[in-house]
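Enquirer: Supplied in structure tokens, the structure appears directly below.
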Amino acid sequence: MRAIKKISKFFLILIGILVLLFGIFALYVYNIADATPPKIDTASAQIKMTTPQLQDSNTYTIGDNWITKNKYGLYEMYISGKPYERGLIAGELSKNLIVDQEIAFTDQIKKMIPSPGYLKFLKYIIGFMNRDLSSHVTQEYQEEILGISKSASDRFDWIGTQYSRILNYHAAHDIGHAMQNLMLVGCTSFGAWSGKTADSSMIIGRNFDFWVGDEFAKNKIVEFVAPDSGYNFAYITWGGFIGVVSGMNDQGLTVTINAAPSQIPYNAATPVSLVAREILQYAKNIEQAIKIAHSRKMFVSESFLVGSAIDRKAVVIEKTPDTLDVFYPSDNNITCTNHYQGTELVKEEHNMEQMKNSASVYRQKRLLQLMDANYPLTPDKVANILRDQKGLNDADIGLGNEKAINQLIAHHSIIMMPDSLRFWVSTSPWQLGTYVCYDLKKVFAQKAKPHQGTVATETLNIAADTFLNTPEYNNYLYFRLVKNNTAFGKTYAFNPDSLMFSNPSYYDTYRILGDYYTRNKNKVKAEEMYTMALKKEMATEGERKAIQKKIEALKK
1 MRAIKKISKF FLILIGILVL LFGIFALYVY NIADATPPKI DTASAQIKMT TPQLQDSNTY
61 TIGDNWITKN KYGLYEMYIS GKPYERGLIA GELSKNLIVD QEIAFTDQIK KMIPSPGYLK
121 FLKYIIGFMN RDLSSHVTQE YQEEILGISK SASDRFDWIG TQYSRILNYH AAHDIGHAMQ
181 NLMLVGCTSF GAWSGKTADS SMIIGRNFDF WVGDEFAKNK IVEFVAPDSG YNFAYITWGG
241 FIGVVSGMND QGLTVTINAA PSQIPYNAAT PVSLVAREIL QYAKNIEQAI KIAHSRKMFV
301 SESFLVGSAI DRKAVVIEKT PDTLDVFYPS DNNITCTNHY QGTELVKEEH NMEQMKNSAS
361 VYRQKRLLQL MDANYPLTPD KVANILRDQK GLNDADIGLG NEKAINQLIA HHSIIMMPDS
421 LRFWVSTSPW QLGTYVCYDL KKVFAQKAKP HQGTVATETL NIAADTFLNT PEYNNYLYFR
481 LVKNNTAFGK TYAFNPDSLM FSNPSYYDTY RILGDYYTRN KNKVKAEEMY TMALKKEMAT
541 EGERKAIQKK IEALKK
């Protein structure tokens, strides 16, 4: 009896210690969930913050800085000055966009994770993962983010402080990409130069296939930045985001980022977009870009396609949390999807799995087919490649397939010509609208302000895709409506025959129909639909296995 009491006492003490340790850990996680902002002598900041002045129906200014919305739906913004001042001004000019972006982001997260309790739990877990984030972000970018955060809404304080939220959103791409190994991000980029372009100058094309809901992609900003240090540059962004995913500087250096196979990060490091931002702001050639990439420890693995007018070529910098490799092309062209190509990382285990199981290799093969068929490349031909919806050998693989160059989810698409400092930005929907042309040299040389609502060189615009005028496009919109409204276990009434007709060559049409018939207890019809899905061009091996499991479950 005495022995039992001793054992019971021991276990009670052990449980007490575990509860205490858990409590200490929970308190620690709670306390570090909010980042500490940098210390700034705001009194010495060379800025007298005023309310933005309305210049015309669409343009607001603060000093030489301005924002406007053009007739194509793109916002254009010009920001100059020191870091904290840049942030303050950008925040003040784009305040409504920052709030709208945060609403779009949090609304989509709530759709994906409807449980308030689990959301709160994730908040602290992500806070723990990002606990040392500030120490991996340069003082300059901390100050700029702090300035922008002054314009963030207080309605999201349940997530964290204004500064903490805006800082952490810069790591959202990294954490999301790692936690699903993430096909929220399945980008495609490529380049050509010398004899493979019409005038021998370099041309870069890219689709940024990052989807966090349609509202998130609604308000795109073409931002021109004249910093107090480094080079002037332009990039495509959204409210509250200073990181770079696609951009070009006035030295003719371009940067685009593509997700690569990763593991879940357990320690904070520099967000990928801020590494790309540093390259764009401080590198004038490939050597300097590699040096900057090498100097930063990153959360996750990423590929940076860097083009250089000075070097007259492009390379892919492949970086993991532990390794850096550079892929140099053997010809006057380069491609990048979502796997490594350099000798250092190509045979790495996660990369081999990615190449075998994902859509990346297939999409790259299709990209090479299209490039070969379109040499010498021009901006118009590059736009056609970026809009291509077919599979290998022009196979019909359905609309929205991840194996296609155009997956019909792009946040934006961009074409860049580093030699002439011109670039083209797509307009909604996805990359199907007009590609609007901008001349970086002209904008910065003249400190141009909008003329008739834009600084674009409209005479060089690329026309919208004629696909927008077809019945197939309207059918796809119906398919998307059903898909988005049946995602995450939601119930939505639709006509099964109409859905099948809307996108008949796409495997996911039949996966949705199989789920529909499963919910309605029609096992025979469900199995028929799942079997049809398996006969179509599946995007990933993971999706194939998931459907096979659904069929097995029906037979039990």
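For the sequence shown, the positions run 1 to 556 when the working numbering is used.
By construction, the Cβ of each residue, glycine as well, lies at the ideal position given by its N, Cα and C atoms.
Would you report the Cα separation of residue 209 and residue 431, rounded to the nearest angstrom?
Expert: In a straight line, the C-alpha of residue 209 is about 10 Å away from that of residue 431.
Enquirer: In the region 46 to 103, which residue ranges form an unbroken alpha helix (DSSP H) of at least 4 residues, counting only runs that do not cross its ends?
Expert: Runs found: 83 to 93.
Enquirer: Within the same chain, show all residues whose beta-carbon is closer than 8 Å to that of residue 103, passing over the 5 residues directly before and after it, in chain order.
Expert: Cβ neighbours of residue 103 beyond the five flanking positions: 215.
Enquirer: With respect to the beta strand (DSSP E) encompassing residue 350, which residues constitute its N-terminal and C-terminal limits?
Expert: Premise fails: residue 350 lies in the alpha helix (DSSP H), 349 to 357, not in any beta strand (DSSP E).
Enquirer: Does DSSP put residue 372 in a helix, in a strand, or in coil?
Expert: DSSP places residue 372 in helix when its eight states are reduced to three.
Enquirer: Using DSSP's beta-bridge definition, name the partner residues of residue 422.
Expert: According to DSSP, which records beta bridges pairwise, residue 422 is partnered with 417, 439.
Enquirer: Give the C-beta separation of residue 84 and residue 143 to the nearest angstrom, bearing in mind that I take them to be a contact with Cβ-Cβ under 8 Å.
Expert: Rounded, the Cβ-Cβ distance is 4 Å, consistent with contact.
Enquirer: What is the rounded straight-line gap between the Cα of residue 542 and the Cα of residue 481?
Expert: Cα to Cα, residue 542 sits roughly 24 Å from residue 481.
Enquirer: Which residues mark the beginning and the end of the beta strand (DSSP E) in which residue 313 is found?
Expert: From DSSP, the beta strand (DSSP E) with residue 313 extends over 313 to 319.
Enquirer: Starting from residue 559 and walking both ways along the alpha helix (DSSP H), at which residues does that stretch end?
Expert: What the structure shows of the chain is the stretch from 1 to 556, and residue 559 is not part of that stretch, so it cannot be assessed.
Enquirer: Fully enclosed by the region 191 to 219, which beta strand (DSSP E) runs are 3 residues long or longer?
Expert: 203 to 208, all fully within the region 191 to 219.
Enquirer: According to the neighbour-count rule (16 or more other Cβ atoms, all chains shown, within 10 Å of its Cβ), is residue 416 buried or exposed?
Expert: It counts as buried.
Enquirer: Using a Cβ distance threshold of 8 Å, determine whether the region 184 to 193 contacts the region 65 to 82, with at least three qualifying pairs required.
Expert: The region 184 to 193 is not in contact with the region 65 to 82.
Enquirer: What number of angstroms, rounded off, separates the C-alpha of residue 545 from the C-alpha of residue 299?
Expert: When rounded, the distance between both Cα atoms is 29 Å.
Enquirer: Bridge partners for residue 235 per DSSP, in chain order?
Expert: BP columns for residue 235 point to 223, 247.
Enquirer: Candidates 406, 346, 79, 239: which alpha carbon is nearest residue 165's?
Expert: Out of 406, 346, 79, 239, 239 has the C-alpha closest to the C-alpha of residue 165.
Enquirer: When you compare only the Cα positions, how much space is there between residue 406 and residue 398?
Expert: Cα to Cα, the separation comes out at about 11 Å.
Enquirer: With a Cβ-Cβ cutoff of 8 Å, do residue 167 and residue 35 count as a contact?
Expert: The answer is yes: Cβ separation under 8 Å.
Enquirer: Look at residue 353 and residue 261 and say whether their C-beta atoms are less than 8 Å apart.
Expert: Cβ distance < 8 Å, so residue 353 and residue 261 count as in contact.
Enquirer: Which of the three DSSP states is assigned to residue 189 in this structure?
Expert: Of the three classes helix, strand and coil, the one that applies to residue 189 here is strand, per DSSP.
Enquirer: For residue 94, tell me which candidate among 170, 556, 212, 222 has the shortest Cα-Cα distance.
Expert: Checking every option, the nearest Cα to that of residue 94 belongs to 222.
Enquirer: Could you spell out where the alpha helix (DSSP H) holding residue 481 opens and where it closes?
Expert: Its alpha helix (DSSP H) spans residues 471 to 486.
Enquirer: Between 82, 293, 251, 475, which lies nearest to residue 624 when the distance is taken from Cα to Cα?
Expert: The question about residue 624 has no answer, for the chain in this structure spans 1 to 556.
Enquirer: Nearest to residue 302 by alpha carbon, out of 370, 328, 341, 474?
Expert: Comparing Cα-Cα distances from residue 302 to each of 370, 328, 341, 474, the minimum goes to 341.
Enquirer: When you compare only the Cα positions, how much space is there between residue 351 and residue 244?
Expert: So the alpha carbons of these two residues sit roughly 24 Å apart.
Enquirer: Which residues mark the beginning and the end of the beta strand (DSSP E) in which residue 307 is found?
Expert: Here the beta strand (DSSP E) through residue 307 covers 302 to 308.
Enquirer: Could you check which residue in 364, 361, 317 has the C-alpha nearest to that of residue 343?
Expert: It is 317 whose Cα lies nearest to the Cα of residue 343.
Enquirer: Applying the 10 Å Cβ sphere with the 16-neighbour rule, what's the burial state of residue 382?
Expert: Flag for residue 382 reads buried.
Enquirer: Apart from the five residues on each side of it in sequence, which residues of its chain come closer than 8 Å, Cβ to Cβ, to residue 114?
Expert: For residue 114, where only same-chain residues beyond five positions count, the Cβ hits under 8 Å are 488.
Enquirer: Please check the pair residue 558 and residue 393, which I expect to be a contact at CB under 8 Å, by giving their CB distance rounded to whole angstroms.
Expert: Only positions 1 to 556 of the chain appear in this structure, which leaves residue 558 out of reach.
Enquirer: Is the CB-CB distance between residue 503 and residue 475 below 8 Å?
Expert: Yes; because the gap between Cβ atoms is below 8 Å, this pair is in contact.
Enquirer: According to DSSP, simplified to helix, strand and coil, what is residue 532?
Expert: In the structure shown, residue 532 sits in a helix (DSSP, three-state: H, G or I).
Enquirer: With DSSP collapsed to three states, give me the class of residue 383.
Expert: Residue state, collapsed to three classes: helix.
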